[in-house]
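**Student:**
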Amino acid sequence: MKRAFAVVSWLSCWLPLGAQVSYDRLLHADREPQNWLTYSGSYKSWRYSPLDQIRTGNAKSLELKWVYQLDTTDKFEATPLVVDGVMYFSEPPSDVIAVDAKTGRAFWTYRYTLAGNVAVCCGRVNRGLAILGDTLFLAALDGNLVALDAKTGKELWKARVVDPKLGYTLTMAPLVVKDKVIIGPAGGEYGIRGFLAAFDAHTGKEVWRFHTIPGPGEAGHETWSGDAWQRGGGSVWLTGSYDPELNLIIQGVGNPSPDWNATVRPGDNLYTTSVIALDADTGKLKWHFQFVPHDAWDWDAMQTPVMVDAEWQGRPRKLLYWAHRDGVFYVLDRTNGKFLLGKPFVKLNWLAGFDEGGRPRVQPNSLPTKEGTLIYPGVQGGTNWYAPSYSPRTGLFYLSVWADYYSVYVEGAADYVAGRIFNGGNIRQPLAFNRNTTLFPNEQQGYGALKAINPKTGEMVWQVKFADLTEGGVLSTAGDVVFTGNREGYFHAFDAGDGKLLWKVSLGGYIAAGPVSYSVDGRQYVAVAAGHGMFVFGLRE
Amino acid sequence: MRSSGIAVLLASWAWAQAPTESQVNTRIDPELGRKLWSANCAVCHGAEGKGGRGPDLTSGKFRHGGTDDDFYWAVRNGIPGTEMPGFPLGGMESVQLLAHVRALGRSAMPPPPGGDVARGRGLFAGSAECTRCHRVGGMGSRIGPDLSDAGARMPPSDLLAALLRRGESVLPAQWYVRAVTRDGRIITGRRLNEDTYSVQLIDAQEQLVSLVKEELKEYEPIKKSPMPSYEGKFTREQLGDLVAYLASLKGTP
Chain L
13 MKRAFAVVSW LSCWLPLGAQ VSYDRLLHAD REPQNWLTYS GSYKSWRYSP LDQIRTGNAK
73 SLELKWVYQL DTTDKFEATP LVVDGVMYFS EPPSDVIAVD AKTGRAFWTY RYTLAGNVAV
133 CCGRVNRGLA ILGDTLFLAA LDGNLVALDA KTGKELWKAR VVDPKLGYTL TMAPLVVKDK
193 VIIGPAGGEY GIRGFLAAFD AHTGKEVWRF HTIPGPGEAG HETWSGDAWQ RGGGSVWLTG
253 SYDPELNLII QGVGNPSPDW NATVRPGDNL YTTSVIALDA DTGKLKWHFQ FVPHDAWDWD
313 AMQTPVMVDA EWQGRPRKLL YWAHRDGVFY VLDRTNGKFL LGKPFVKLNW LAGFDEGGRP
373 RVQPNSLPTK EGTLIYPGVQ GGTNWYAPSY SPRTGLFYLS VWADYYSVYV EGAADYVAGR
433 IFNGGNIRQP LAFNRNTTLF PNEQQGYGAL KAINPKTGEM VWQVKFADLT EGGVLSTAGD
493 VVFTGNREGY FHAFDAGDGK LLWKVSLGGY IAAGPVSYSV DGRQYVAVAA GHGMFVFGLR
553 E
Chain A
748 MRSSGIAVLL ASWAWAQAPT ESQVNTRIDP ELGRKLWSAN CAVCHGAEGK GGRGPDLTSG
808 KFRHGGTDDD FYWAVRNGIP GTEMPGFPLG GMESVQLLAH VRALGRSAMP PPPGGDVARG
868 RGLFAGSAEC TRCHRVGGMG SRIGPDLSDA GARMPPSDLL AALLRRGESV LPAQWYVRAV
928 TRDGRIITGR RLNEDTYSVQ LIDAQEQLVS LVKEELKEYE PIKKSPMPSY EGKFTREQLG
988 DLVAYLASLK GTP
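Here the protein sequences line up with chains L and A, keeping their order.
13 is the number of the first residue of the first sequence in this note's numbering; add one for each residue after it.
748 is the number of the first residue of the second sequence in this note's numbering; add one for each residue after it.
1) Residues in the segment 812-833 of chain A with C-beta within 8 Å of chain L's C-beta atoms, listed in sequence order?
2) Give the list of continuous beta strand (DSSP E) stretches no shorter than 3 residues that lie fully inside the segment 91-115 of chain L.
3) Between valine 959 of chain A and chain L, is the shortest Cβ-Cβ distance under 8 Å, so that the two count as touching?
4) On the DSSP bridge list, what partners appear for isoleucine 262 of chain L?
5) Using DSSP bridges, identify the partner residues of leucine 513 of chain L.
6) Counting C-beta neighbours from all protein chains within 10 Å, is the total for tryptophan 241 of chain L 16 or more, i.e. buried, or is it exposed?
7) Measure the C-alpha to C-alpha separation of methionine 856 of chain A and tyrosine 923 of chain A and round it to an integer number of angstroms.
8) If contact means a Cβ-Cβ distance below 9 Å, which residues of the segment 377-398 of chain L contact chain A?
9) Going by DSSP in three states, tyrosine 402 of chain L sits in which element: helix, strand or coil?
10) Pick out the complete beta strand (DSSP E) segments inside the segment 358-431 of chain L, 3 residues or longer, and give them in chain order.
11) Any idea what DSSP makes of histidine 792 of chain A, helix, strand or coil?
12) Tell me the rounded alpha-carbon separation between proline 777 of chain A and valine 848 of chain A.
13) Could you please give the first and the last residue of the uninterrupted alpha helix (DSSP H) stretch that includes arginine 172 of chain L?
14) Which residues share a DSSP beta bridge with glycine 5 of chain L?
15) Contact between the segment 477-491 of chain L and the segment 423-439 of chain L is defined here as three or more beta-carbon pairs at a separation below 8 Å; is this criterion met?
16) Is there a Cβ from chain L that is less than 8 Å from the Cβ of glutamate 941 of chain A?
17) Taking contact to mean at least 3 C-beta pairs separated by less than 8 Å, is the segment 369-387 of chain L in contact with the segment 405-425 of chain L?
18) In its own chain, which residues sit with a C-beta less than 8 Å from the C-beta of glycine 196 of chain L, not counting the 5 before and 5 after it?
19) Around the Cβ of isoleucine 328 of chain L, are there at least 16 other Cβ atoms within 10 angstroms (buried) or fewer (exposed)?
20) What do you get for isoleucine 465 of chain L, buried or exposed, if any count of 16 or more other CB atoms within 10 angstroms of its CB means buried?
21) May I ask you to report which of helix, strand or coil DSSP gives valine 842 of chain A?
22) Residues bridged to glutamate 75 of chain L by DSSP?
23) Alanine 479 of chain L touches chain A at which residues, Cβ-Cβ below 7 Å?
24) If I measure Cβ to Cβ from glycine 179 of chain L and keep anything under 7 Å in the same chain, skipping five residues before and after, which residues do I get?
25) Roughly how many angstroms lie between the CA atoms of arginine 561 of chain L and glutamate 103 of chain L, to the nearest whole one?
26) When the Cα atoms are used, what is the spatial distance from tryptophan 762 of chain A to leucine 779 of chain A?
27) In terms of DSSP beta bridges, what is proline 268 of chain L paired with?
28) Name the chain A residues that come within less than 7 Å of asparagine 438 of chain L, Cβ to Cβ?
29) Give the single residue among L/Asp321, L/Val343, L/Trp515, L/Gly407 whose Cα lies nearest to the Cα of lysine 56 of chain L.
30) Measure the C-alpha to C-alpha separation of glycine 861 of chain A and glutamate 965 of chain A and round it to an integer number of angstroms.
31) Using the Cβ count rule (16 or more neighbours within 10 Å means buried), how would you classify glycine 255 of chain L?
32) Taking 8 Å as the cut-off, decide whether the C-beta atoms of glutamate 216 of chain L and threonine 181 of chain L are in contact.
33) Rounded to a whole number of angstroms, what is the C-alpha to C-alpha distance between isoleucine 288 of chain L and threonine 235 of chain L?
34) Is the number of C-beta pairs between the segment 515-526 of chain L and the segment 534-544 of chain L that are closer than 8 Å three or more?
35) Once DSSP output is grouped into helix, strand and coil, what is the label at leucine 894 of chain A?
36) Cβ atoms of serine 61 of chain L and alanine 539 of chain L: under 8 Å apart, would you say?
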């Protein structure tokens, strides 16, 4: 009897481990609260965990369960995946590690060798992985898409996507849709011509490619003049979302190049600083919405598209929530890109209002000049790529912001040299780009905060101010807890309803990644990349 | 390969950016240099160049920018591995700015005549009570800024000014804090680090103290210098001696 029980429990324990991550499982990721199957937790990109063992009432008894220390000193921006008790994450620049999600002990490590030095604007980072079947997908910094056997870490295939010598790099977590792996390149400070492309998950062969900067003969090309489109930017370095009913991939597009000298690229510069909706099978554009036509401030649309079906002015609608780097919270109809709401969530001085279609009326004298133009928000934006979260229980949208902060945007030379920095100017600002605890800014110069926004109005419901700035992603849970870390190295649990601090721990290193939640053997965990380690917390047993 | 690339870069930049002879011969306009400094540099290096987020540039010694060419390169391209960005200044502007920066470092100026280093040292440790707050070469208190290299950081005229002024605003890195605990204990000290929930400081007894803000009744940073003015407390000769002593402090090479 005892033996039979042992066999049964052995089977029930191990059977799910053999199960592959089918597309159907990705499609219904919310039915598997124990797992975290995609970068944003689900195709809707809510970063919401239906787990509720950790609640407002007991979060104060969270404690460290394990830490996995990296070998690298590169900035750790990755979101882990958790599949049936195994956690997978990327170690920057482009390594992959599989560990036991309960203990943090490693199953295997995959070391990727970069092809020499790679020019990057903002660190040799990687934001995460994707999985389909038994295959993990890694977008390696120097331009290869790599497929790995999830059980062994063995390389299955490697596909050359871009050439790093021309300023193209890969930093995003891929998005798997059906049998395709979707990625695009970073390099908006290097005069690249961006794209989003789909690769066959089994062979690595490119299936379709959508150029975010349309070439001659393509729609939108008329928004460029001369040959500026050839180095027009439009990078893609953050994972988009997928709407299976509409069969649309919703993806943000980066800034135009050069960043701050817009005089060399007259026109609206489509599809930079826009959201695009592409047919997932063909890569054909279905609609687009440009947040900032002729962007001269580097406010690229590298934010996670949050898709919510909700009532809008009395009727149910398929909505898209987007807190954009330009300091405005937008609501769009994601069936057609129609503008429904634009509401500033931080101090800004460039916007005079919107026309009916949502095109911003830019205040006069806002463009960068040789002498410098002081603009709110500054170059890092009101928010940036830091993952936001939406909780269906509170109906609130949570995000990290840099509030009330400015940069002086200086227009400079824009001489393109392949593979070299091509930002067309410079930035001056009182705040530090990097973690700085002894010279922290005062509040008049701006501050970092976690904000909760009512997405129906764009109004702030509550905020928590920090002494330093914050780049932390946000997680909300069915236990009505909101988790986020910050640049000071604190990782917090807040009450999702009112922002009350429930628990915090000092992890002693820059937190610039989004937390996730998962469970193993019925116990809920919360994981976050901090400093140079993956930290995992659970309730005291 | 990489270094030769940099060399090529340097050469091409020098060709493009180094001021021409006629520009070098251009009359230096102190007002223009000061304006350029205020607009571009002061936010990090301080209005007087005494440093802040960026280093003190008043010593006359530069880690980057020792030669004029080094200076132009650093200003134009920024300094890799630091927060120093590049500034798109023209050749003319660079010349004016360089003149201003060179003028910041006046440490080569002789101390006011008549100052005696030995007498100054005696005053510093004696009746002036400087060592109650300041430290030189391992002697004295750590509560105030260490003055072991004061002469390398400040010209004598600035040292004299520092002895005479009172209540001057100081950079965030030199703020003091005043805290009152729930049981009424008052703690003051120089702030070493601060975050949302806590502050770390060195108190008047030179103890390293870490305070949790929510456990305090009162907490405020003191943004003005707590140093008393020596105006009227010493004769002009004594001040000259103190300045001579401070100016002789060049730190450990």
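By construction, the Cβ of each residue, glycine as well, lies at the ideal position given by its N, Cα and C atoms.
From a predicted model like this one, the values you see are computed outputs, not experimental measurements.
**Tutor:** For this structure:
1) Glu830, Pro832, Gly833
2) 93-95, 98-103, 107-112
3) no
4) L/Ser253, L/Ala289
5) L/Phe506
6) buried
7) For methionine 856 of chain A, the predicted structure reports a pLDDT of 38, less than 50, and the residue's modelled location is therefore unreliable. A value from the coordinates is still provided. Spanning the two alpha carbons is a distance of roughly 32 Å.
8) Lys382, Glu383, Gly384
9) strand
10) 363-366, 372-374, 385-387, 409-415, 419-423
11) helix
12) 10 Å
13) Careful: arginine 172 of chain L lies outside any alpha helix (DSSP H), inside the beta strand (DSSP E) at 167-172.
14) The structure shown does not extend to residue 5 of chain L, since chain L is modelled only from 13 to 553, so the question has no answer here.
15) no
16) yes
17) yes
18) Met184, Gly206, Phe207, Leu208, Ala209, Thr224, Ser247, Val248, Trp249, Gln263
19) Position check: residue 328 of chain L holds proline in this sequence, whereas isoleucine was assumed. Exposed: under 16 other Cβ atoms inside 10 Å.
20) buried
21) helix
22) L/Gly550
23) Glu941, Asp942, Thr943
24) Ala131, Gly199, Tyr202, Gly203, Ile204, Gly431
25) As shown, chain L starts at 13 and ends at 553. That puts residue 561 of chain L outside it, with no answer to give.
26) Note that tryptophan 762 of chain A scores a pLDDT of 30, beneath 50, so its modelled location is shaky; the value from the coordinates is reported in the next line. When rounded, the distance between both Cα atoms is 24 Å.
27) L/Gly245
28) Pro832, Gly833, Phe834, Pro835
29) L/Asp321
30) 48 Å
31) This sequence places aspartate at residue 255 of chain L; glycine is not what is there. So aspartate 255 of chain L ends up on the buried side.
32) According to the sequence as given, residue 216 of chain L is glycine; it is not glutamate. Not a contact, by the Cβ cut-off of 8 Å.
33) 16 Å
34) yes
35) coil
36) no
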